[in-house]
Amino acid sequence: MYETIDILAGGIQTLNVDEQRLTDAESERQTSIYSPSFYSSPTGYKMRARLYLYGDGNARRTHISLVFVLMRGLNDAILKFPFNYKVIFCLYGQTPAQGHIIDSFRPDIRSNSFQQPRSDMNIASGIPKFFPLAMIEQDGNPYVRDNIMFIKILVDFGDLAKTLLPYALSLNPGLLTYIQQMVIKQEAERRTQQQSQLQQQASVT
118 MYETIDILAG GIQTLNVDEQ RLTDAESERQ TSIYSPSFYS SPTGYKMRAR LYLYGDGNAR
178 RTHISLVFVL MRGLNDAILK FPFNYKVIFC LYGQTPAQGH IIDSFRPDIR SNSFQQPRSD
238 MNIASGIPKF FPLAMIEQDG NPYVRDNIMF IKILVDFGDL AKTLLPYALS LNPGLLTYIQ
298 QMVIKQEAER RTQQQSQLQQ QASVT
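Heads up: the sequence shown runs through residues 118 to 322, numbered per the numbering used here.
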């Protein structure tokens, strides 16, 4: 799992959530915001996120909905389909305390959302109840500052342990990707070694 440097791949998306966008979402003039498109790697999958500020479907007016959109890309002919990798969303807390909101889902490979795209974008799929709407509407909430929200979308190519996710997403986003991957790998090895030592101590006692 950790022999490859591409444990996690993705990008941070900056979304403008000013008062006008909130009003448009509430009135259903424009219910969602698309992030810019990006590739999971230079030869990877093309994708983007779609954010419903006032929720979608049964999450309408109770939660923010965050979904993943697989797009037709330049590399599709050499990639594996259906897309079958865990997708991780992280809403960054913009304070020293961080408090990032992290959630993930595994694709349903039977769904058209994860087949090789035949048009510009597949049907979106993701997490309807990603985050309670009431928490975003609070004054001084740590997730929207200066009308900006930062969301990281990651594709987990290495089945990263769930307990490692908060650590991986707490790293400085300004670090080069390969350095982040190296640090995650070192932390995984440290935890494995620590667990092994604890087991040995337990067997002795």
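No residue lacks a Cβ here, since even glycine has one placed at the ideal position from N, Cα and C.
Residue Ser287 holds the alpha-carbon nearest to the alpha-carbon of glutamine 211 among Lys197, Ser287, Gly172.
Taking a cut-off of 8 Å for Cβ pairs, the region 189-199 and the region 223-235 touch, as three or more such pairs fall below it. Scanning Tyr171, Phe247, Thr309 for the CA closest to the CA of glutamate 145 turns up Tyr171.
Where serine 157 is concerned, there is no enclosing alpha helix (DSSP H), because DSSP gives it neither an H nor an E. For lysine 279, the secondary structure class from DSSP, reduced to helix, strand or coil, is helix. Restricting attention to beta strand (DSSP E) runs no shorter than 3 residues, the region 148-226 encloses them at 149-151, 163-169, 180-188, 203-208, 218-222, ordered along the chain. With fewer than 16 other beta carbons inside 10 angstroms of its own, glutamine 314 counts as exposed. Assignment of phenylalanine 267 by DSSP, reduced to helix, strand and coil, places it in the strand class. About 27 Å separates the Cβ atoms of isoleucine 301 and alanine 319, ruling out a contact at the 8 Å cut-off.
If you compare the alpha carbons of Asp193, Phe222, Arg189, Met164 with that of isoleucine 205, the shortest gap goes to Phe222.
Counting of Cβ neighbours within 10 angstroms places tyrosine 169 among the buried residues, the total reaching 16 or more. Nearest C-alpha to lysine 246 among Ser149, Ile181, Arg167: Ile181. For the pair asparagine 175 and asparagine 264, the CB atoms are not nearer than the 9 Å cut-off.
The Cβ neighbour count for alanine 194, taken over all protein chains shown within 10 Å, is under 16; the residue is labelled exposed.
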